[in-house]
Structures are given as C-alpha cells and as structure tokens.
Amino acid sequence: MTTTPLLPNHLGGQWVTGSGAGTPLFDPVLGTELARVSSAGLDLSTGFAFARDQGGAALRALSYGERAGLLGAIVKVLQANRDAYYEIATANCGTTTKDSAVDIDGGIFTLGYYAKQGEALGTARALLDGERIRMGKDPVFQTQHMLNPTRGVALFINAFNFPSWGLWEKAAPALLSGVPVIVKPATATAWLTQRMVKDVIDAGILPPGALSVVCGSSAGLMDQLQPFDVVSFTGSAETARIIRSHPAVAERSVRCNIEADSLNSALLDPAATADSEAFNLLVSEVVREMTVKAGQKCTAIRRVFVPRVLYDAAAKAIGAKLAKTGVGNPRNETVRMGSLVSQEQKASVLEGIAKLRLEAEVLFDGNGAALVDADASVAACVAPVLLGSREPAKAKLLHEVEVFGPVATLMAYDSETQAHELIRRGEGSLVCSVYSADPAFIARAALELGSAHGRVHAISPDVAASQSGHGNVMPMSLHGGPGRAGGGEELGGLRALGFYHRRSAVQASSAALDVLAASAVPFKV
Ligand code: NAP
C-alpha cells in the first residue's frame, strides 16, 4: 500500500511536519487513504509562547473594528476556495453536498456574522460592562466593570463532525477579542480544518502567531496552558472529563468551555392531531435531524415525545419518510445521506443501537436496503433507524445513551407535566424543539425546559417557513447546554466575547474613568 504525505502543522509562525509515519485519514465511503497527520516532535512550548507573545500582542494592537476587518478578509479567502473544501469534505467526511454546506458555509456565515458585529465596536480596545456605580456618599469615587481581552492563547480541541464550523464558530469571537488561536482538529476529519487554516495563512491576512493548527495526537497540548489561556473543548463526555481534571484547569484555573454530548428532544403538543400542521412539522423535522450529516450532529433530535394517542401515527409517518432516504456514496446525486466519518463510528453507532434496543422496539430500520454506489463491506454507512418506547418512564438507557448517528427514539407520554419530566431526564441538553399552534403551550415549555437546555426552539405554523431548524446553530443564539451537555456556552452574538475577556472592576475617580471610557465601548449583547 502506498503511503500518503503528512499534512504539515502550522505552529510558531511556520509550517512544521510532524515526525514518524503519522496517522492515516481515510475516505469513509471508498476506504482509501487520503493523507496522514502527525504532531510528534513538535516544539509545543515554543509554539504556544510564540502564539501568546507575538500573535496575541499583534492582535491586541488592533481595535475591535480592525480585527473585524480581518474576519471579513478571512471570509473572502474561504469563499474563494469553497470548491476545494467541498471536495475534501466529500472525500474525508463522506457527506453529501448539502451536508457539507452545513459545515463549510455554516462556518463562513458565522465568521461573516462576527465580522459585522465587530465592526460596530469600532476603535475600542476594551468593553465597558454596565454603568458606573457610586462607592459611597461622594460621587467622585466610582466603580466601573470592564472586560479586557485575556493575554493568553485559545486552544480549541474539536470534534470530528464539524471540521469547518467547529473551527470558525470558536475562532471568530476569539480573534475578534484579540486572542490568538491554536486549533487541534479531531484526527479522523482533520484535513478540512488544516486546509482552511493553510489558505488563511497563505493569504497573509493574520499577524504571525494569530492562527495555528496542530493535527494528530493531542499529547502535551493541555500541558502548555498557562493561567491566562483558555481551552474550548468539543467532543465526548469521556474526553471532557480528562480535560476538566487536567492540572491546567484544576490547578492553574485555565478557563475551560466544554461542549459534550446531548440527548436532545422534540415535543409535540397533546392538542395536536395526526392531520394537524404541528404533527407534520414534527415529523419533517425529526426526519431531517436524523438524516442531515447522517445524524452526526451534537444538536440532532435523539428523543421524540408524542402524546400516547399519536405514537403509532407518528411512527408510521416518520418511517414512511425515512424509507425514501437513499443512503450511500455522496458522489451519486440520488443519495440523500452519506456515510459516518469512519469505521470506528460505524461500530460505535451499531453498538449504540444494540444498547437502545434493550429498552426499545424497532419502528423503522433502513438497513435492509442496498447502499447506492457503495460497497457495504467497505463504506461506513448506516441507514436510519427509528426506535420506539411506549413506556419511556421505565427506561434508563434511552435517556442516557447518545447514539451519534441516524438514530432517534419515539416515546409516548401521558401528560404535559410527564413530558417535561421525561425531557429533563436527559440531564441537560443543547436543544429541545416544541411543536404546537398554541403560544401558551410554547411559553410553558420554555419556562419548564429552559433551565435544562441551551436553546428552546418552538415551531408553530406561523413560523414554519421562517424557522431556522432544530439542529442549526445560529451565531446570534446561544449554543451549549447544562449538565451532561458540558455546561458550556458559545455564540449568542457578542456574548461569545465574554469567554475571551476577563472582567475586572476599576475603582477610580470620575476623571480617570472618563479617560478609560474613551478607549472602550459599552458591551451591549
Ligand atoms: P472525542 O473522542 O472526545 O474527541 C474530541 C477531540 O478530543 C478530538 O480532537 C480528539 O482528538 C481529542 N482528544 C481525544 N483524547 C484527548 C485527550 N486525552 N486529551 C485532549 N484531547 C483529546 O469526541 P468525538 O468522537 O470527536 O466527537 C463526538 C462527540 O462530540 C459526540 O458525543 C458529540 O455529541 C460531541 N459533540 C458535541 C458538540 C457540542 O457542541 N456540544 C458538537 C459536536 C460534537 P483525536 O481525534 O486525535 O482523538
């Protein structure tokens, strides 16, 4: 077998190839080797110091408005190279063009959004948090809270499912804040991240050290982190535990954001009928969520709650739509769902389905049909599987096991209160969607479920055409979730800048605060 070349890393302001044979990246549909990655032998300590000292200082020398300009320039470079990104995504992620767009264009859109938001911050170099507050009787001595960009690096350890969006949704607020970025993409799909960083570096947009990429093993990365650095991790709960307990976080107070797994829900109003619009909207969204990116979305609907009388009708309607999903080689235009990212993920999804089946019945399984243009013994394809439970209150695994693929479980509930309780058994999720024509039902769901979710997405007939989608993460809305979802917060418009700034209270005379205010801008989120 021929060995493919190693993708170079960019660290310390230069391109460096790791040592050794490296880890191969594969085409998950054809099984062919595409490239290799290695971070072995990199001088991490010098590379992190270069980013922190050179990249950070150069970024901080610019205003928010100037850094927003850099984001706008990155958007242009990425747009100019879109075709290459689509080719890489098809080859390395096994995604259809539509699914690649969620990652590639989603990333570019998010960057563009922050470029616009940042422009409005103008020439400022810090953010004012709230109004001045008097400290005593004499109004001359006051306190002003402010946010200053942290003087460290932002390390991103990312998941395999969004090699583009996962980078840019984090890098946009970090760079806008003036904080240099070092990204470590998940190995299986690292190529797209590496190529995008390469294009941006080659275009000479950013100061040296502002953007670095390390592909391959994560060994030693966390050890580099110092008190003013931040780490943003997206991935499994298991790895999240390792990150959280690392001495950098546990002892050096490195700020840490975690986006982990999640058992997101969809809830149908008990007032719905099988021919109501709310019912049809739920069915379409569940099918979309199960099949987009072959269900490899942290926000995908995993648990579907319907009133008991509609359980059979929902199973039939969802199954009928899923049956139309052609699965196979994403290069074939009739294919609606490509493959999982690797054979490891295929094995993990099949294992997960077997686990859920201990507590659920199979309502639909598309795996009997032949793959389109793909060899089932080679391709990492798994067709959609809809499971079901008429007694979800008695289930345990159904509320605990996230199967990261085209799999969801339909569940019958008996009352609105019980539905809310069952949804909260996910112990903290990224998103819950609610399908109802009744604004009061939606408002009750938001009050009951808001504290357990990063986002409550309500779909009523009046927003059917304009709604942004259960699983789509929009830059103006918060992304993250409490509890098992990791407890993190990302995006939410300018709120995202908070993670990359340190808040402090400046207690001083009005005269001094006036001077300070001239180089800052109110932080309005
Ligand atoms: P993972 O195995 O935890 O890997 C995530 C990242 O951590 C990868 O870059 C991985 O590198 C790295 N890593 C592995 N071991 C590490 C260690 N000991 N120290 C530091 N880094 C380490 O997760 P995954 O399988 O890629 O992603 C799937 C999971 O991510 C799913 O559970 C999904 O729900 C979750 N997810 C959540 C969100 C969200 O926003 N909440 C978004 C997407 C995905 P290697 O690839 O080199 O091992």
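FYI, the numbering for the sequence shown is 25 to 549, going by the working numbering. We put the beta carbon where it would ideally sit given N, CA and C, even for glycine.
Its chain contains 387, 388, 410, 412 and 434 as the residues whose beta carbon lies nearer than 8 Å to that of residue 339, once the 5 sequence neighbours on both sides are disregarded; these appear in chain order. For residue 208, the enclosing beta strand (DSSP E) starts and ends at 205–208.
Across the set 284, 267 and 286, the C-alpha of 267 shows the shortest separation from the C-alpha of residue 277. Within the same chain, 33, 42, 46, 47, 61, 62, 63, 64, 211 and 214 come within 8 Å of residue 240 by CB-CB distance, once the 5 residues on both sides are set aside. Here the alpha carbon of residue 184 sits roughly 9 Å from the alpha carbon of residue 117.
About 5 Å separates the beta carbon of residue 545 from that of residue 145, a gap short enough to meet the 8 Å contact definition. As DSSP reads the structure, residue 459 sits in a beta bridge with 292 and 483.
The stretch 324–331 makes contact with the stretch 297–314; the number of CB pairs closer than 8 Å reaches 3 or more. With fewer than 16 other Cβ atoms inside 10 Å of its own Cβ, residue 441 counts as exposed. A straight line joining the alpha-carbon of residue 248 with that of residue 122 spans about 38 Å.
Going by DSSP, residue 525 is part of the beta strand (DSSP E) stretching over 525–533. Rounded to whole angstroms, the separation of the alpha carbons of residue 369 and residue 216 is 19 Å.
In the three-state reduction of the DSSP assignment, residue 312 falls in the helix class, which pools H, G and I. For residue 343 and residue 432, the gap between their C-alpha atoms comes out near 11 Å.
Bounds of any beta strand (DSSP E) do not take in residue 248, whose DSSP letter is neither H nor E. Note: residue 440 is not bridge-paired with any residue in the DSSP secondary-structure output. For residue 124, the uninterrupted alpha helix (DSSP H) segment begins and ends at 121–143. Cβ-Cβ distances below 6 Å link residue 301 to 485 in the same chain, with the five nearest sequence neighbours on each side left out; the list follows chain order. In the DSSP assignment, residue 158 falls within the unbroken beta strand (DSSP E) covering 150–158. For residue 396 against residue 353, the beta-carbon gap comes to about 6 Å, under 8 Å, which counts as contact. DSSP lists 409 as the bridge partner or partners of residue 389. Spanning the alpha carbons of residue 130 and residue 534 requires a straight line of approximately 45 Å.
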